[in-house]
Structure formats: C-alpha cells, structure tokens
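Student:
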Amino acid sequence: MRNRGATCPRLPSMNGFGLIERPVTWVALAGFMGTGKSRVGWELSRALALHFVDTDKLITRVVGKSIPEVFEQEGEGYFRACESEVVERVTRLDHAVVSLGGGTFIHEANRRRLLERGPVVVLWASPETIYQRTRHSERPLLRAPDPLSRIRTLMDEREPLYRQGTIHVHSDGRPAEEIVEEVVERLWDWADTEAAWDGPEAVAERASD
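In case it helps, this note's numbering puts the sequence shown at residues 1 to 209.
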C-alpha cells in the first residue's frame, strides 16, 4: 500500500520518473440531483490534475438550450437520448473527471458503459438536504405540489440502481474538500484492489502520466 499520508491530499504525487501518479485517469460521479456532483467533481479534477466534464452542461452547449427548456420543448425522451450520446462520448475520454446528471446512471445502457469504462463514485445526501439545495432551482422533475415527497419517491426508486456504483460517499453537512479527500483515498484503495487482480503493470499504465 502507498504511504499517502506523506503527501498533500489535494495533489497527485510524482513518481521517480517525474510522472504524475494518480489512482485513476478517469472517474465518473453519479447520484441524485443536489448531492454535490458538480462541485465535488470540479474539486476532484483539481486534486487529480484531470480535466472536468459536466454532462448536463455539455448537453446544453450542444443543444443550445437549458435543461428545463429541453424538457419543456423537446420532452424527457429527447433529453435522455442526448444523455446517452454524451455518455458514449465521455467514456471515450481519458484524463477526465465526469459529473453525470442525476438520471444518467439509472439507465441500464449508460450504467453498463460507465462501469465498464472505470470507477463510478456515487454521492449520497438525505432528501431534506437535497430539497434545501435544489428548492430555488428549476429542476423539471421537481415541478410538483410537494417537491420533498417527490424527492423521496424518486430516491427510493433509484436507490437500487445507484447502489451498483463502485464507491459510495455521503455529502451531508460536509465541505467539498473533505469529500474529495475521502474520494481520493477510496480511489487509491480501488486501484490497489484492481492491481491485485490485474497485476501492478496494468494499473501503473492507467494511473501514471
């Protein structure tokens, strides 16, 4: 196991050849809306010296409309088709931290493609926390008389699918920096386990640049 306590947890380490040593060169963040995927993903990309990609923002740039406008004008089916196309694109990337929309991981084809590409970190928060974080936003799926009840229902429906993620981290009442430190440590553990199965050369090739 690596001695991670000897290095700054916010930065990847350097190996003896001057190459950056990371646990992974690609990772996705999944979870319900309002769990902190965008903020944590951005901070994680900085910690690992990787590019940051937000799939919802990518969709809005490609389509030229906001997510609420896409839902209202084109329908959810169109949005999910765009989402699947974006998943296909981001899984071809390397050196990236990918923040997924809340519903992306629940669709089987997306989930399978993402898990085949690399580790998926699922962020969790309580329904109450999610409500507080999203109540002033224009989330199409929360346009309901009782948004908190809607959040609970959707989370119950999606939980078994989110549970198929690689790593699970709770974000309630925690600063992004603390969450990122846990995610990085868990990714090192995951990489060590992969090395035990695949051999150290395979993981070293994926993690060093």
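Here a beta-carbon is modelled for each residue, glycine too, at the ideal position from N, C-alpha and C.
This structure is a prediction, so every number in the text was calculated from the model and none was measured.
(1) Assign Gly101 to buried or exposed, taking buried as 16 or more other Cβ atoms, counted over all protein chains shown, within 10 Å of its Cβ.
(2) Just to confirm, is the Cβ distance from Gly31 to Val122 under 8 Å?
(3) So, with DSSP's three-state summary, where would you put Glu138?
(4) Let's see if you can read the secondary structure: which residues bound the beta strand (DSSP E) around Gly31?
(5) What does a CB cutoff of less than 6 Å around Val97 pick up in its chain, not counting 5 residues either side in sequence?
(6) Count the other CB atoms within 10 Å of the CB of Gly75; is the residue buried (16 or more) or exposed (fewer)?
(7) By a C-beta neighbour count over all protein chains shown, 10 Å radius and 16 as the cutoff for buried, is Gly64 buried or exposed?
(8) Are there 16 or more other CB atoms within 10 angstroms of the CB of Pro127, so buried, or fewer, so exposed?
(9) Is there a Cβ from chain C that is less than 8 Å from the Cβ of Leu100?
(10) Can you list the alpha helix (DSSP H) stretches of 4 or more residues lying completely in the stretch 103-186, in chain order?
(11) For the stretch 32-83, list the alpha helix (DSSP H) runs that are entirely contained and at least 4 residues long, ordered along the chain.
(12) Label Ala125 either buried or exposed according to how many other C-beta atoms from any shown protein chain fall within 10 Å of its C-beta, with 16 as the threshold for buried.
(13) Suppose you measure from the CA of Arg113 to the CA of Val87; what does that come to, to the nearest Å?
(14) Is it the case that the Cβ atoms of Val70 and Phe79 are separated by a distance below 8 Å?
(15) State the Cα-Cα distance for the pair Gln73 and Leu148, rounded to the nearest angstrom.
(16) State the CB to CB distance for the pair Ile67 and Pro140, rounded to an integer number of angstroms; the pair is presumed to be in contact (CB under 8 Å).
(17) Between the C-alpha atoms of Arg61 and Asp54, what's the straight-line distance to the nearest angstrom?
(18) Exposed or buried, which one is Gly229 when buried takes at least 16 other CB atoms within 10 Å?
Tutor: Straight from the coordinates:
(1) Residue mapping note: residue 101 aligns to position 101 of the sequence shown, counting from 1. So Gly101 ends up on the buried side.
(2) Taking the first residue of the sequence shown as 1, we reach residue 31 at position 31. Taking the first residue of the sequence shown as 1, we reach residue 122 at position 122. Yes, Cβ-Cβ distance for Gly31 and Val122 is below 8 Å.
(3) Along the sequence shown, read from residue 1 onward, the residue named residue 138 stands at position 138. DSSP places Glu138 in coil when its eight states are reduced to three.
(4) Position 31 of the sequence shown, counting from 1, holds the residue named residue 31. Looking at the DSSP string, the run of the beta strand (DSSP E) that includes Gly31 is Trp26 to Gly31.
(5) As a position in the sequence shown, residue 97 is number 97, starting the count at 1. Val27, Gly41, Leu44, Ser45, Leu50 and Phe52.
(6) Indexing the sequence shown from 1 puts residue 75 at position 75. Exposed is the call here.
(7) In the sequence shown, residue 64 corresponds to position 64, counting from 1. By the 16-neighbour rule on beta-carbons within 10 angstroms, Gly64 is exposed.
(8) Looking up residue 127 in the sequence shown gives position 127. Buried, by the Cβ-count rule.
(9) Within the model displayed, chain C is absent; a lone protein chain is all it includes.
(10) The qualifying runs are 108-117, 127-134 and 147-162.
(11) For secondary structure counted as the alpha helix (DSSP H) over 4 or more consecutive residues, the stretch 32-83 holds these complete runs in sequence order: 37-48, 55-63 and 67-74.
(12) For the purposes of this step, residue 125 is identified with residue 125 of the sequence shown, where counting begins at 1. A buried status is given to Ala125, since no fewer than 16 other beta-carbon atoms sit within 10 Å of its beta-carbon.
(13) Counting from one through the sequence shown, the residue named residue 113 turns up at place 113. Counting from one through the sequence shown, the residue named residue 87 turns up at place 87. If you take the alpha carbons of Arg113 and Val87, they lie about 8 Å apart.
(14) As a position in the sequence shown, residue 70 is number 70, starting the count at 1. As a position in the sequence shown, residue 79 is number 79, starting the count at 1. Taking 8 Å as the cut-off, the beta carbon of Val70 is found closer than this to the beta carbon of Phe79.
(15) Working through the sequence shown from its first residue, we reach residue 73 at position 73. Working through the sequence shown from its first residue, we reach residue 148 at position 148. Looking at the backbone, the Cα of Gln73 and that of Leu148 are separated by about 25 Å.
(16) Here residue 67 corresponds to residue number 67 of the sequence shown, with the count starting at 1. Here residue 140 corresponds to residue number 140 of the sequence shown, with the count starting at 1. Right, their Cβ atoms sit about 7 Å apart.
(17) The residue labelled residue 61 in the question sits at position 61 within the sequence shown. The residue labelled residue 54 in the question sits at position 54 within the sequence shown. When rounded, the distance between both Cα atoms is 11 Å.
(18) For the chain, the structure presents residues 1 to 209; residue 229 sits outside this window and is missing.
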